[in-house]
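Protein chains: 2
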Amino acid sequence: MTLTKPKSVSATASANTISGALSQAIHEHRLAPGTKLGEDELSDIYGVSRTIVRTALQSLAHQQIIEIKRNRGAYVAQPSLTEAHEVFEARELLEPRTARSAARHATPDDIALLNDHVTQEHAAMDAGDRGRALSLSGQFHIEIARIAQQQTIADIINVLIARSSLIIALYWRRENALCESQAHHALIKAIGDNDGVRAEELMQSHLVDLHSALNLNELPVVEQDLRSMLMGEKKR
Amino acid sequence: MTLTKPKSVSATASANTISGALSQAIHEHRLAPGTKLGEDELSDIYGVSRTIVRTALQSLAHQQIIEIKRNRGAYVAQPSLTEAHEVFEARELLEPRTARSAARHATPDDIALLNDHVTQEHAAMDAGDRGRALSLSGQFHIEIARIAQQQTIADIINVLIARSSLIIALYWRRENALCESQAHHALIKAIGDNDGVRAEELMQSHLVDLHSALNLNELPVVEQDLRSMLMGEKKR
DNA sequence: GCGCACAATATTGTATACAATCCTGGTTGT
DNA sequence: ACAACCAGGATTGTATACAATATTGTGCGC
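Sequence order for the protein chains is A and B.
Mapping to UniProt numbering: the first sequence position 20 is 20, numbers consecutive.
Mapping to UniProt numbering: the second sequence position 21 is 21, numbers consecutive.
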């Protein structure tokens, strides 16, 4: 909640509040892929009409964070394996050079902000709040694009990271995620030293690491979930 | 209208029809940057309620093709100089490597489709329909991303090209645009030969050409438009 | 004639009512 | 027991009514 700034494409304020809250919940893995987001349910929770909820959901749908099936409702998205690859390939095209650019533009304040981010990330991890750590980790990448003074790319990365969060929820296999803050720490060092080339290399390998830490050849765990639900449910 | 496929993030069918129509009109420079898009006006034209129009406008706003100012209405976007640079810088990060990838995946059918595109582009140009030629030229780039089997990147490029169209409307200076189809023709050749490296190079230089064909240091022509409107209008 | 305040109008924002569609559960027939 | 079918209920899609805000027009004082 430090300076997330939901970006507010436009739309009404309440709608942005709701889409921001849902987005945050998804980033922090408090809303699992496949979860149904009923309109009445949300309008009750947030105390607004379905009109507003609908606006918020459409916004999230456009970011492909949720999927709206006609006459069926909105569900937290379940990126396919193909999409998972595509998202990381896109990130690998955008982020390394952006990190290089960030190294050129970074001010001491920027470095301080990044360090603060990693500190919070560590704190969240120590507190066992894995979701929050992941969310902060994503914001770190967006922050770098902002430092590079590339708002357009930052916007794109923002969306890609949201989807990455879903992908991680579905396909992650590695247990320890502290490699994260290590890599981020090294990146800050390179950016702070204005070493663009190194920053680009580090970002590249960081993304490759993430990409390769996914279960590439397996089905998403959703089906297991569904199966277990069918097994252990109120079979009456 | 060949196979544009509005991509339909979701939302209702009518809304997609309207946002598609508006998007097309903007691509073809039939709707100038700054034009106001009133909700009642559009609901009259398309014979649907404002609810649907609103959905369509929000979709376009999310693509940053239009800008919705709270309580003021929707206007065709006027990208700033900074945004113009950012958009082309993003494209330069994404498209060259995507072209390389397309060269790996292209089938004979794909090549035929691309050739067809360029032919239509030429035809539109000969017919003096500059807007349609520009629109087709943009679709060409999207088609390449599709051929590369990178739907995610294709989606991103789709949005960037829409914004590029607005940027061209505002900042274009060069008179002749037939360099376009020349460059596209060369690209098809490289892709058809499965020469990924060359395709990447060609796309890179093509984008640099486009980028450098903009009036980088001048104010958008909108102000000129406004002035000329005030000058040559029904001074009554 | 000019500028300001205020009313009239138009436009957008939000909520609600109604229509269309889908899902659930029970009933019936085999 | 099982399948198909047909209500009934719940959920989403669309239109419309009303509220809030901005814009325009008018009149007054100077």
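For each residue, glycine too, the CB sits at the ideal point set by N, CA and C.
Nothing here was measured: the structure is a model prediction, and the numbers come from that model.
Residue i - containing alpha helix (DSSP H), residue span
i, result
"B/Gly34", "Taken as a continuous stretch (DSSP letters only), B/Gly34 belongs to no alpha helix (DSSP H), as it is neither H nor E."
"B/Val197", "Gly196 to Ser212"
"B/Ala124", "Pro108 to Asp126"
"B/Ile161", "Gln151 to Tyr171"
"A/Ser49", "Neither: A/Ser49 is in no alpha helix (DSSP H) and is coded neither H nor E."
"A/Ser135", "Arg130 to Ile147"
"B/Arg100", "Leu81 to His105"
8 Å Cβ cutoff met for residue i and residue j
i, j, result
"B/Glu39", "B/Arg54", "yes"
"B/Gln64", "B/Arg163", "yes"
"B/Ala56", "B/Ala15", "yes"
"B/Ile157", "B/Glu95", "yes"
"B/Ile111", "B/Gly192", "yes"
"B/Leu210", "B/Phe88", "yes"
"A/Leu60", "A/Leu22", "yes"
"B/Ala154", "B/His105", "no"
"B/His29", "B/Ala123", "no"
"A/Leu166", "B/Leu93", "no"
Cutoff 8 Å; reference residue i; Cβ partners in own chain excluding five residues on either side
i, result
"A/Val118", "Phe140, Ser181, His184, His185 and Ile188"
"B/Ala25", "Leu31"
"B/Gln58", "Ile68"
"A/Leu113", "Glu143"
Pairwise C-alpha distance: residue j and residue i
i, j, result
"A/Lys5", "A/Thr98", "Bear in mind that a pLDDT of 36 at A/Lys5, under 50, signals an unreliable position, so the model cannot answer this."
"B/Asn217", "A/Gln151", "19 Å"
"B/Asn71", "A/Thr12", "9 Å"
"B/Ser19", "A/Ala84", "28 Å"
"A/Val76", "A/Ser135", "16 Å"
"B/Gly131", "B/Asn215", "19 Å"
"B/Arg100", "B/Pro79", "29 Å"
"A/Tyr171", "A/Gly138", "17 Å"
"A/Thr82", "B/Pro33", "37 Å"
"A/Ser205", "A/Ser212", "10 Å"
"A/Pro108", "A/Met125", "26 Å"
"A/Leu230", "A/Asn194", "Bear in mind that a pLDDT of 39 at A/Leu230, under 50, signals an unreliable position, so the model cannot answer this."
"B/Ala127", "B/His27", "17 Å"
"A/Asp129", "B/Leu37", "46 Å"
"A/Ile52", "B/Ala74", "18 Å"
"B/His62", "A/Glu86", "21 Å"
"B/Ile45", "B/Thr17", "12 Å"
"A/Thr35", "B/Gly196", "42 Å"
Sequence-distant residues of the same chain with beta carbon closer than 6 Å to residue i, five excluded per side
i, result
"A/Leu226", "Low confidence applies here, because A/Leu226 scores a pLDDT of 39, under 50, leaving its location unreliable and the question unanswered by this model."
"A/Arg50", "Glu39 and Ser43"
"B/Arg91", "Leu160 and Leu207"
"A/Arg146", "Ala154"
"B/Ala133", "Glu121, Ala124 and Met125"
"A/Glu41", "none"
Residue i, enclosing beta strand (DSSP E) - first and last residue
i, result
"B/Gly73", "Gly73 to Val76"
Beta-ladder partner(s) of residue i, from DSSP
i, result
"B/Glu67", "B/Tyr75"
Nonlocal neighbours in the same chain, by C-beta distance under 7 Å from residue i, ignoring five residues either side
i, result
"A/Gly47", "none"
"A/Arg198", "Ala190"
"B/Asn115", "Ile188"
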